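Okay, structure first, notes after.
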Amino acid sequence: MRILVVDDDTQIVRAMRINLRAHGYEVDTAADGAGALASASRCPPDVVLLDLGLPDMDGMAVIERLRGWSTMPIIVLSARHSAAEKVRALDAGADDYVTKPFGMDELLARMRAAARRAAPVAEAPMVRTAAFTVDLNAKKVLRAGQPATEIRLTPTEWHILEILVRNSGLLISQRQLLREVWGPAYQSETNYLRVYLAQLRRKLEPDPARPRYLITEAGMGYRFEKRE
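The sequence shown begins at 1 in UniProt numbering and counts up one residue at a time.
See below:
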C-alpha cells in the first residue's frame with residue numbers, strides 16, 4: 001500500500017517514513033496542505049495520515065478538499081485532544097482520529113482497518129456454503145432454505161466472520177484476529193475468541209460440537225473452510 005504522510009514536523013515525518021517502510025509500505029510525504037493535495041492528485045495513496053496543524057492551511061480544509069473528489073481513507077494524527085476537534089474532523093470526512101503521541105502498532109492496525117473498509121468487495125461478494133451464504137457487500141448472513149432467512153450477528157461476530165471468510169482456507173492466528181477486531185492491547189485475550197467463536201458456531205454450524213466451517217487449529221488460530 002502507498003501511504004501519504006502529511007506533517008510539517010520533519011522528525012515525525014522521518015520516523016514515520018522509516019517505520020512504515022520497515023513494514024512494507026510505500027511512503028510519500030508532504031509538509032503542508034498544498035503539497036498534500038498535489039501529491040494525492042498526482043499519485044493517489046491508499047491511506048492519508050494527516051496532521052491538522054499545517055503551516056499554509058488547517059488540516060480540516062485539506063480533508064474537505066480531498067473529499068471533493070476522493071474517498072481515500074484519511075486518518076488524522078493530531079495533538080489536539082478535545083472531543084470537539086475530533087467531531088469536526090470526522091464530520092469533515094476523516095475516517096479515524098489518533099491523538100499524539102501514539103503507538104505504532106495501534107496506528108498500523110487502524111491503517112489496516114481503514115484500508116479494509118475502503119477495499120472493493122466485488123471480487124467475492126457472496127460466499128456460499130451448504131448451510132448459509134455470507135453476503136460481503138450487504139454484510140449479511142443468510143441461512144440456506146426457501147426462503148432464505150437472515151442470521152442476526154452482532155457487529156463483533158460479523159467482524160470476526162468477515163476476516164475469516166475473506167481469507168478462506170487460510171489459518172488466521174489468534175493474535176491477528178484479536179489485533180484486527182479489538183486492537184493491539186487485546187492480543188493476549190484469547191478467551192474473547194473462544195466466546196465469540198462458540199457464539200458463531202451456535203448460529204452457523206449445523207452441529208456446533210463438530211464444526212465444518214469455523215475450524216480451530218489448537219494453540220494457533222482459526223480457519224474458515226468453504227464446503228458446499
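We put the CB at the ideal spot given by N, CA and C, even for glycine.
Just so it is clear, the structure is predicted and the values come from calculations on it, not from any experiment.
- If you draw a straight line from the C-alpha of E162 to the C-alpha of A40, how long is it? 30 Å
- Message: Give me, in chain order, the residues of the same chain whose beta-carbon lies closer than 8 Å to that of V121; leave out the 5 immediate sequence neighbours on both sides.
- Response: In this prediction, V121 scores a pLDDT of 47, lower than 50, which makes its location untrustworthy; no coordinate-derived value is stated.
- Query: Which residue comes first and which comes last in the beta strand (DSSP E) that contains S78?
  - Reply: I74 to S78
- Item | Those residues which DSSP pairs with R186 across a bridge | Looking at the sequence itself, residue 186 is Tyr, so the reference to Arg does not match. DSSP lists no partner for Y186.
- Message: Between the alpha carbons of D95 and L4, how many angstroms are there, rounded?
- Response: 15 Å
- Report the three-state DSSP secondary structure of L107 (helix, strand or coil). helix
- Validate contact between the region 108-118 and the region 61-75 using beta carbons, cut 8 Å, 3 pairs: yes
- Query: Any chance the region 148-155 sits against the region 86-104, with 3 or more Cβ pairs inside 8 Å?
  - Reply: no
- Could you please give the first and the last residue of the uninterrupted beta strand (DSSP E) stretch that includes G221? G221 to F224
- With a threshold of 16 other CB atoms inside 10 Å of the CB of A36, please say whether the residue is buried or exposed. buried
- Find the nearest neighbour of R80 within the set A114, G93 and V98, judged by alpha-carbon distance. V98
- Message: According to DSSP, simplified to helix, strand and coil, what is T10?
- Response: helix
- Task: Could you pull out every residue in the same chain whose Cβ sits closer than 7 Å to the Cβ of L90, ignoring the five residues on either side in sequence?
- Result: Y97
- Query: Straight-line CA distance for E217 to I160?
  - Reply: 16 Å
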